[in-house]
Amino acid sequence: MSRTRSYRCLNCLDHAVTRSFDTSHLSMTCPNCGSFERFANEAVIERFESLEASPPAEFDWERLERREKLLVAERLARRDKALDDFDVAVDEEAAGGPAEGADPKASDA
Ligand SMILES: [Zn+2]
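Numbering (my numbering), first residue to last: -4 to 104.
Laid out in structure tokens, this is it:
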């Protein structure tokens, strides 16, 4: 796979990184603004920019903060894509619950 995606810092919108995989976003420390930030897929940024150009009537787009707008754009962009393109989460937010049917502990040997 030689295809690459760029991801842009949602804090400064000024720094982009390139990765060889396609996911909705990364979470990493931005070397430009120094903040630990979400880096959004280029498709999300494109969606954000098109929403800025023509705000949707369904909600008060102009009242949203930039970060909220970007999260909306991310959801919309993801819906457009095949879900398979976005099944990899690259951040560390996996909050684990206890798995059902865990293997039995302390079984006799
Ligand atoms: Zn940044």
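The beta carbon of each residue, even a glycine, is placed where N, CA and C say it ideally should be.
Proximity test, residue i beta-carbon vs ligand 1 heavy atom, cut-off 8 Å
{"i": "E37", "result": "no"}
Residue-level contact to chain D via CB, residue i, 9 Å cutoff
{"i": "V39", "result": "This model lacks chain D altogether, as it is built from one protein chain only."}
Rounded C-alpha distance that separates residue i from residue j
{"i": "R73", "j": "E63", "result": "15 Å"}
{"i": "S1", "j": "R61", "result": "20 Å"}
{"i": "H10", "j": "R3", "result": "6 Å"}
{"i": "T13", "j": "F54", "result": "32 Å"}
{"i": "E32", "j": "H20", "result": "10 Å"}
{"i": "T(-1)", "j": "N36", "result": "11 Å"}
{"i": "N114", "j": "A48", "result": "This structure does not reach residue 114, given that the chain is present from -4 up to 104, and the question cannot be answered."}
{"i": "S22", "j": "S15", "result": "15 Å"}
{"i": "P50", "j": "W56", "result": "6 Å"}
Contacting residues, own chain, Cβ-Cβ under 8 Å from residue i (five flanking each side not counted)
{"i": "R58", "result": "none"}
### Query
Where in the stretch 53 to 77 do unbroken runs of the beta strand (DSSP E), each at least 3 residues long, occur, reported from the N-terminal end onward?
none
### Message
So if I measure from each beta-carbon to every heavy atom of ligand 1 and keep distances below 5 Å, which residues remain?
### Response
C4, N6, C7, H10, C25, N27, C28
### Query
Can you list, in chain order, the stretches of the beta strand (DSSP E) that have 3 or more residues and sit fully within the stretch 19 to 54?
20 to 24, 31 to 36
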